[in-house]
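This report concerns only the one structure given below.
In my numbering, the protein residues as written are 2 to 190.
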């Protein structure tokens with residue numbers, strides 16, 4: 002969490018991230034359940050893009066909120082019999098995008114304020130994120146015996162996370178451009 006922000010603001014950001022992420026998870030499940038490859042693995046996964054966007058906006062507070070919501074969803078829907086698997090899957094969901102953002106800030110010069118973000122580094126960020134989250138999730142699931150064939154399950158998750166992330170980030174970018182054009186919101190100027 003950003004030490005310069007009051008704790009209550011950080012807590013509200015984490016709560017907002019958790020609520021938004023959980024809502025998007027259920028909306029995505031309702032809209033795209035026909036595109037499921039396996040339980041928890043979708044060929045188009047909007048919450049992946051939302052994870053990245055929430056971390057870009059809220060930083061560590063977003064990662065914590067996503068982790069809490071994702072762990073709760075995992076424990077409720079998939080791993081009630083195996084809490085360790087569900088909790089760690091939630092932590093992966095929240096903290097991988099945070100780590101990827103940190104890597105991009107350090108090695109690609111992405112500013113924390115995102116003022117210098119462009120199409121090229123947005124694509125790099127998205128590819129790195131989709132690759133990292135799918136590889137780490139599936140390695141964890143292989144280790145826990147949830148999946149038996151790593152490569153068969155990593156690809157659908159990678160594709161779903163990549164497509165969902167590209168969709169969400171492109172939509173957010175379009176909204177920001179529209180708001181800048183109208184001069185409506187000072188935060189995106």
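Cβ coordinates follow ideal geometry from the N, Cα and C atoms, glycine included.
The continuous alpha helix (DSSP H) containing residue 87 extends over residues 84-108. Residue 145 carries a coil assignment under DSSP once its states are collapsed to helix, strand and coil. With respect to residue 127, residue 167 sits close: the two C-beta atoms are nearer than 8 angstroms. In terms of Cβ geometry, residue 131 and residue 67 do not form a close pair [threshold 8 angstroms]. Residue 106 has its alpha-carbon roughly 14 angstroms from the corresponding atom of residue 121. The Cβ atoms of residue 160 and residue 31 lie no closer than 8 angstroms to each other. Nearest neighbour of residue 165 by Cα position, chosen from 6, 50, 23, 22, turns out to be 50. If you draw a straight line from the Cα of residue 86 to the Cα of residue 102, it is about 24 angstroms long. No Cβ-Cβ contact shorter than 8 angstroms links residue 155 with residue 98.
Excluding residues up to 5 positions away in sequence, 59, 66 lie with their Cβ nearer than 8 angstroms to the Cβ of residue 17 in the same chain. Taking 3 residues as the minimum length, the segment 106-137 contains no beta strand (DSSP E) run wholly inside it. Within a 10 Å sphere around the beta-carbon of residue 52 sit 16 or more other beta-carbons, which makes this residue buried.
The alpha-carbon of residue 142 is positioned some 29 angstroms away from that of residue 14.
Collapsing the DSSP output to three states places residue 6 in coil.
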